[in-house]
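Q:
Numbering (UniProt numbering), first residue to last: 1 to 275.
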């Protein structure tokens, strides 16, 4: 499990491109036949991926000092690959592409598998510290709350599918979903915002090889950017804006954890203050 420490905004404004990527950018998550994990001190999120060719069991790293991975944690998962299965304490769930799951604290055995090793499942997950055991839930995107925002005129017409949130799938602190931009739109989360009460992680998807996204971060008066491509992640601290502009339409999975779960608890940033 890779470990990332927290960073102060006073320091980040002096980072080089290389240092910025070392701290906040995550690549090579989806390794065939493996489970990969990144543990960030930013609200103690663990993000990672499982690409099973044969069944793989989730095990705790030394970093969390636990008997099993979800002893003190909860987890949200979205499959971004071929058909697969997740077995939780003996109960098996079949997930096709874009299906999701919430697994509550206390689940001892989590096993990932694929139906076809030539087209394996790609299970992307976010995990947060937990204080209460909520039920494990299989999530179909068609059953989720969906919100349409933006416009083609502003190049930000997008659909937000909310997988894990209060009132739909209960969790201790994890909120998770998928945003997809409409053809012709390239901006996400613009006008931008911060939310001091929680951090956020973005996994960018649906980008062909030659396409990319400029992910914008930093304080509103000290913005920076990170170039990201398909299936790459940016970890966004609570003090940072998190917005992006792509060379074409794309999707991204967002996961948030921290002080509260209110999706609309945001501090809007005036366009006139961005620098």
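Cβ atoms here follow ideal geometry from the backbone N, Cα and C, with glycine treated the same way.
Here's a check: name, in chain order, each residue in its chain whose Cβ is nearer than 6 Å to the Cβ of residue 55, leaving out the five neighbours to either side.
A: Correct list, in chain order: 111, 113.
Q: Do residue 74 and residue 128 come within 8 Å of each other at the CB atom, strictly closer than that value?
A: Yes. Within cutoff.
Q: Going by beta carbon distance, what residues of the same chain come within less than 6 Å of residue 5, once the five residues before and after it are set aside?
A: Excluding residues within five positions, the ones whose Cβ falls inside 6 Å are 41.
Q: Which of the three DSSP states, helix, strand or coil, is assigned to residue 203?
A: Residue 203: strand per DSSP, three-state reduction.
Q: Could you pull the DSSP bridge partners for residue 245 from this structure?
A: The partner list for residue 245 (beta bridge, DSSP) reads 187, 214.
Q: Run through the DSSP bridge pairs and tell me what residue 47 is partnered with.
A: Note: residue 47 sits in a beta bridge opposite 38, 126.
Q: Closest by CA to residue 59, which one among 53, 99, 67?
A: Selected option, being the one with the closest Cα: 67.
Q: Do you know whose CA, among 168, 124, 116, 65, lies nearest residue 205's CA?
A: If we check each option's Cα against that of residue 205, 124 comes out closest.
Q: Quick one, which of 80, 180, 63, 131 has its alpha-carbon nearest residue 149's?
A: Checking every option, the nearest Cα to that of residue 149 belongs to 180.
Q: Between residue 132 and chain B, is there a C-beta pair that is closer than 8 Å?
A: Of the chains in the structure shown, none is chain B; there is only one protein chain.
Q: Which first and last residues belong to the beta strand (DSSP E) in which residue 223 is found?
A: Unbroken beta strand (DSSP E) run through residue 223: 222-228.
Q: Cα-Cα, which of 170, 10, 102 is closest to residue 79?
A: When only C-alpha atoms are compared, the closest one is 102.
Q: Would you report the Cα separation of residue 191 and residue 262, rounded to the nearest angstrom?
A: Whole-angstrom Cα-Cα distance: 19 Å.
Q: Per the contact definition of three or more C-beta pairs closer than 8 Å, is the region 164-175 in contact with the region 211-224?
A: With a cut-off of 8 Å, the region 164-175 and the region 211-224 do not count as touching, because too few Cβ pairs lie within range.
Q: Could you pull the start and end residues of the alpha helix (DSSP H) that residue 18 belongs to?
A: Taken as a continuous stretch (DSSP letters only), the alpha helix (DSSP H) holding residue 18 covers 17-24.
Q: Do residue 220 and residue 273 have their C-beta atoms within less than 8 Å of each other?
A: Closer than 8 Å, so yes.
Q: Which residue from 265, 13, 108 puts its Cα closest to that of residue 69?
A: Cα-wise, what sits closest to residue 69 is 108.
Q: At the level of alpha carbons, what is the spacing between residue 72 and residue 2?
A: Rounded to whole angstroms, residue 72 to residue 2 spans 19 Å at the Cα level.
Q: Alpha carbon to alpha carbon, what distance is there between residue 174 and residue 130?
A: Roughly 9 Å between the two C-alpha positions.
Q: Where does residue 62 fall in DSSP's three states?
A: Here residue 62 sits in helix by DSSP.
Q: Does the contact criterion of 3 or more C-beta pairs under 8 Å hold for the region 87-104 versus the region 222-229?
A: No contact exists between the region 87-104 and the region 222-229.
Q: What is the rounded straight-line gap between the Cα of residue 241 and the Cα of residue 193?
A: When rounded, the distance between both Cα atoms is 6 Å.
Q: Count the other C-beta atoms from every protein chain shown that fall within 10 angstroms of the C-beta of residue 158, then say buried if there are 16 or more, exposed otherwise.
A: So residue 158 ends up on the buried side.
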